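**Q** Mind the numbering: the sequence shown is residues 586 to 768 in this note's numbering, read in order.
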Amino acid sequence: MLDLRAYNPDEQPGDSLGWRILVEPSSGATISNLESMKNGEFTMISTFNYFPPLHFNGIDRFVLVADEGDRLTQVPFEVHVKSVQDAPIFTSNSPLEITAALGSYFEEEINAYDPDKQLINFKLLYPPRDSKWLQIKSHTNDSNGSIITIGGVVPWESSSGSYTLIASDPSGRFSLTKYSIGY
Ligand SMILES: [Ca+2]
């Protein structure tokens with residue numbers, strides 16, 4: 586790309602040859618810092634930054650031109666942006682401080698979604714020596730994401746502890762959120 590050179594075969598005094606964008610990227614990507622540099626009789630692209638939109642993958646197209654003022658040459662580009670998978674994202678607050686009453690049933694709903702719309706798996710990690718009273722009670726998936734409910738009857742002998750919830754997708758990418766439960 587940076588080697589792309591243009592040449593004005595019939596340069597007149599005062600002509601200036603430069604590169605510019607003719608058609609913006611079809612994906613909505615941003616092209617910035619497009620700058621040209623004169624190198625002998627050629628005008629080269631010296632700087633060029635291309636930022637595809639977040640989560641975009643597929644084929645993107647744009648057109649640059651080398652413009653000398655009265656005539657121009659179009660150079661069409663096709664960019665293949667590979668898909669990169671993302672980890673699930675918790676939309677509930679994190680970390681969460683929760684107060685639960687000893688001996689009573691406690692429940693908390695947690696929301697997460699996967700930017701690639703993959704199925705999310707949840708796993709709960711316990712503090713050391715925990716009686717594992719807290720469990721994943723329900724887990725629903727729809728196109729907007731996952732809702733899971735963690736809950737259980739708080740044992741009388743509980744002392745405050747920190748629980749970690751892991752959300753992972755089939756590719757193994759994961760996020761975690763911590764819950765600090767006090768009594
Ligand atoms: Ca994913």
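Beta carbons are placed, not taken as given, at the ideal position from N, Cα and C, and that holds for glycine.
All of these numbers come straight from a predicted model, not from anything done at the bench.
(1) By Cβ distance below 7 Å, which residues in the same chain neighbour residue 645 in space, the five residues on each side in sequence not counted?
(2) Counting Cβ pairs closer than 8 Å, one from the stretch 750–761 and one from the stretch 693–713, do we hit at least three?
(3) Go through its chain and collect everything with a Cβ distance to residue 608's Cβ below 7 Å, but skip five positions before and after it.
(4) Grab the span of the beta strand (DSSP E) containing residue 725 for me, first residue to last.
(5) Does the distance between the C-beta of residue 727 and the nearest non-hydrogen atom of ligand 1 fall short of 8 Å?
(6) Would you kindly check if the distance between the Cβ of residue 589 and the Cβ of residue 629 is under 9 Å?
(7) If you follow the beta strand (DSSP E) that residue 661 is part of, which residue opens it and which one closes it?
(8) Just to confirm my understanding: we take residue 722, look at its own chain, exclude 5 residues before and 5 after, and list those with CB closer than 6 Å. What are they?
(9) At the level of alpha carbons, what is the spacing between residue 745 and residue 639?
**A** According to the structure shown:
(1) When the five nearest sequence neighbours on each side are left out, the beta carbons in the same chain lying within less than 7 Å of the beta carbon of residue 645 are those of 610, 611, 612, 614, 637, 664, 666, in order along the chain.
(2) Short answer: they touch.
(3) Sequence-distant Cβ neighbours of residue 608 in its own chain, meaning closer than 7 Å and more than five residues away, are 647, 648.
(4) 720–727
(5) no
(6) Yes.
(7) Boundaries of the beta strand (DSSP E) harbouring residue 661: 657–666, taken from the DSSP string.
(8) 734, 736
(9) 40 Å
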